[in-house]
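Peer 1:
Number of protein chains: 2
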Amino acid sequence: MPSPRPLRADARRNREALLSAAREAFLAGDTDAHVEEIARSAGVAVGTLYRHFETREALIEEVYRKEVDDLCAAPEQLLEHHAPQEALRRFLLLLVDHAAVGKGMSVALESIMASDSPVFDDARIRMGDALTRLLKAGSAAGTVRGDVTGPTLLRALGGICAMRVSDGWLDEARQITNLLLDGLRHGAPHAT
Amino acid sequence: MPSPRPLRADARRNREALLSAAREAFLAGDTDAHVEEIARSAGVAVGTLYRHFETREALIEEVYRKEVDDLCAAPEQLLEHHAPQEALRRFLLLLVDHAAVGKGMSVALESIMASDSPVFDDARIRMGDALTRLLKAGSAAGTVRGDVTGPTLLRALGGICAMRVSDGWLDEARQITNLLLDGLRHGAPHAT
DNA sequence: CACATAAACGGAACCGGACTCACCTTATGG
DNA sequence: CCATAAGGTGAGTCCGGTTCCGTTTATGTG
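Line by line, the protein sequences give chains A and B. Under my numbering, think of the first position of the first sequence as 128, with each following residue one higher. Under my numbering, think of the first position of the second sequence as 128, with each following residue one higher.
(1) Please confirm if the segment 257–266 of chain A is in contact with the segment 199–211 of chain A, defined as three or more CB-CB distances below 8 Å between the two stretches.
(2) Would you check whether the ligand NAD has a heavy atom nearer than 7 Å to the C-beta of residue 169 of chain A?
(3) How about residue 271 of chain B and residue 215 of chain B: are their beta carbons less than 8 Å apart?
(4) Between the Cα of residue 165 of chain A and the Cα atoms of A:154, A:145, A:180, A:158, which residue gives the shortest distance?
(5) Quick check: what's the CA-CA separation for residue 195 of chain A versus residue 203 of chain B?
(6) Does DSSP classify residue 253 of chain B as helix, strand or coil?
(7) Do you know how far the Cα of residue 278 of chain A is from the Cα of residue 259 of chain A?
(8) Taking the Cβ atom as the reference point for each residue, do residue 160 of chain B and residue 199 of chain B lie within a distance shorter than 8 Å?
(9) In or out: residue 189 of chain A buried (at least 16 other Cβ within 10 Å) or exposed?
(10) When we look at the beta-carbon of residue 304 of chain B and count the other beta-carbons within 10 Å, is it buried (16 or more) or exposed?
(11) Under 8 Å between the Cβ atoms of residue 221 of chain A and residue 201 of chain A?
(12) For residue 208 of chain A, report the span of its alpha helix (DSSP H) as first-last.
(13) Could you spell out the range, first to last residue, of the alpha helix (DSSP H) harbouring residue 173 of chain B?
(14) Use the C-beta contact count for residue 169 of chain B: other C-beta atoms within 10 angstroms, 16 or more gives buried, fewer gives exposed.
(15) Do residue 150 of chain A and residue 223 of chain A have their C-beta atoms within less than 8 Å of each other?
(16) Check this for me: beta carbons of residue 171 of chain A and residue 141 of chain A, under 8 Å apart or not?
(17) Once you ignore the five residues that flank residue 253 of chain B on each side, which residues in its own chain have a CB closer than 7 Å to its CB?
(18) Rounded to a whole number of angstroms, what is the C-alpha to C-alpha distance between residue 157 of chain B and residue 181 of chain B?
(19) Could you name the residues of the same chain whose beta carbon sits closer than 6 Å to that of residue 306 of chain B, not counting the 5 residues immediately before and after it, in chain order?
(20) Look at the alpha carbon of residue 308 of chain A and the alpha carbon of residue 192 of chain B, and state the distance between them as a whole number of angstroms.
(21) Could you give the first and the last residue of the continuous alpha helix (DSSP H) run that contains residue 138 of chain A?
(22) For residue 179 of chain B, count neighbouring Cβ atoms within 10 angstroms of its own Cβ and tell me buried if that reaches 16, exposed if not.
(23) Please report the Cβ distance between residue 281 of chain B and residue 255 of chain B, rounded to the nearest whole angstrom; I am assuming they are in contact, meaning their Cβ atoms lie under 8 Å.
(24) Label residue 311 of chain B either buried or exposed according to how many other C-beta atoms from any shown protein chain fall within 10 Å of its C-beta, with 16 as the threshold for buried.
(25) Taking residue 162 of chain B as part of the alpha helix (DSSP H), name the residues at either end of that continuous run.
(26) Which of helix, strand or coil does DSSP assign to residue 273 of chain B?
(27) So, with DSSP's three-state summary, where would you put residue 132 of chain A?
(28) Please report the distance separating the alpha-carbon of residue 134 of chain B from that of residue 269 of chain B.
(29) I'd like the list of long-range same chain contacts for residue 218 of chain B, defined as Cβ closer than 7 Å, with 5 residues on each side in sequence excluded.
(30) Helix, strand or coil for residue 92 of chain B? Go by DSSP, reduced to three states.
(31) Within 10 Å of its beta-carbon, does residue 155 of chain A have 16 or more other beta-carbons around it, so buried, or fewer, so exposed?
(32) Tell me whether residue 211 of chain B sits in a helix, a strand or coil according to DSSP, three-state version.
(33) Just to confirm my understanding: we take residue 167 of chain B, look at its own chain, exclude 5 residues before and 5 after, and list those with CB closer than 6 Å. What are they?
(34) Determine the DSSP secondary structure at residue 225 of chain B, reduced to helix, strand or coil.
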């Protein structure tokens, strides 16, 4: 019932284009990209942007939500195609990439945090659950120690997001991630 | 050498008025008070505001810095006039009051955090030191347990600031503070 | 394959709010 | 008391998000 009409083909295209343009902009570090820019680089006019999103912030929020959704869907996929330990590694790297977007958006999002929007609490919880799933799988397989919980690991990773955005930060973040992975492997029954 | 000219009398008055007007506004919860309002309620025109502060953010930042300064000067005073334990109690209450301002300002400050400004790291460190001083005094007097550090306590208090601003929050924050104080007293040699 | 029509689009205009500037006022020291 | 430079003023500019309405286009129907 939340689908009164299936949404016209070009409309869906444009909506998508807008979201990806916004995502792009944030990834590029253009923290406060103007609606005009976003619209233009999506090949549409501002009016169109506002047809799809109530407000600038609404668009940003949507990008973020999408990001979280993608991320939370990942563990399932990863566990299908990889050993738990490798799945965990890949997921953490995804998380870091996500942090890159989140970082770019964080400033913009802070105004949202002030309002009632549940994107953040939501995101944190779902993220924690995703990590828990991976850790459990690893622990069951005996390649990851069992005394670390999802939320704990998330918090450990949280420090990464607190890092100032400077040129080399992404690589550095990845190194930290690897370090954490080594730590997690350490103490597991079948240590590699 | 950072005082080329002593600053004219009325100028100093106005500058002061602006700072206190801004502080007032933030305390009242008017998170994004317009420069016009601030200027008017300080009894001056916007031009004057901009004569004294490079930008709106600069004014906000200054208020915040002042707030932190006041706060960090407090322990000295309090320890002179009160027993360590009472000094600690009073300081924590000051901190909460400060959080009221900080809260109102936090949204505005977030944009500053994104820039290079060191107000925050600075503030955190200095706050931690201030708390450490009080805790040490209390521990020396034997009325406060000795296994808690300033930064730790600050972090514990940090949770208070994360609280959503709702009508009753100030009282609630004060209750939490009292709870913490009881906790700190607990386990001290000369427990009351 | 028209045609009708509702959906979607474009972009100029609007509006609110931070910031500037050319001119006026006043403190200050001689 | 005057000269003068520091200080104050506020209408105006600029900028960026948001609105609104005339135009274009996808879609389903005869």
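Glycine residues also receive a C-beta, built at the ideal position from the N, C-alpha and C atoms. Every value quoted in this text rests on a predicted model; they were computed, and no experiment measured them.
Peer 2: Working from what's here:
(1) Touching, yes.
(2) In the structure shown, the ligand NAD is absent, as is every other ligand, since no ligand is present at all.
(3) Yes, the pair counts as a contact, with Cβ atoms nearer than the cut-off.
(4) When each option's Cα is compared against that of residue 165 of chain A, the closest is A:145.
(5) Their backbone Cα atoms lie some 48 Å apart in a straight line.
(6) Helix.
(7) Straight-line Cα distance between these residues: approximately 8 Å.
(8) Inclusion of residue 160 of chain B and residue 199 of chain B in the CB contact set at 8 Å is not warranted, their separation being larger than that value.
(9) Buried.
(10) The residue in question, residue 304 of chain B, is buried, as its Cβ has 16 or more Cβ neighbours within 10 Å.
(11) Yes, these two residues count as a Cβ contact at 8 Å.
(12) Unbroken alpha helix (DSSP H) run through residue 208 of chain A: 183–208.
(13) Where residue 173 of chain B is concerned, the enclosing alpha helix (DSSP H) stretches over 173–179.
(14) Residue 169 of chain B should be labelled buried.
(15) At a Cβ-Cβ threshold of 8 Å, residue 150 of chain A and residue 223 of chain A do not count as neighbours.
(16) Cβ atoms of residue 171 of chain A and residue 141 of chain A: closer than 8 Å.
(17) The answer, listed in chain order, is 195, 199.
(18) Note on geometry: alpha-carbon atoms of residue 157 of chain B and residue 181 of chain B lie some 21 Å from one another.
(19) The answer is none, since no qualifying residue turns up.
(20) Whole-angstrom Cα-Cα distance: 40 Å.
(21) Boundaries of the alpha helix (DSSP H) around residue 138 of chain A: 136–154.
(22) So residue 179 of chain B counts as buried.
(23) Going by Cβ atoms, the distance from residue 281 of chain B to residue 255 of chain B rounds to 5 Å, so yes, they are a contact pair.
(24) Of the residues assessed, residue 311 of chain B falls on the buried side of the cut-off, its CB having 16 or more other CB atoms within 10 angstroms.
(25) Start and end: 162–168.
(26) Taken through DSSP and simplified to helix, strand or coil, residue 273 of chain B comes out as coil.
(27) The answer is coil: DSSP assigns residue 132 of chain A none of H, G, I, E or B.
(28) So the alpha carbons of these two residues sit roughly 49 Å apart.
(29) Contacts found: 201, 202, 205, 261.
(30) Past the boundaries of the shown model lies residue 92 of chain B; chain B is included only from 128 to 319, so the question cannot be answered.
(31) Flag for residue 155 of chain A reads exposed.
(32) Of the three classes helix, strand and coil, the one that applies to residue 211 of chain B here is helix, per DSSP.
(33) Cβ within range, chain order: n/a, list empty.
(34) Helix at residue 225 of chain B.
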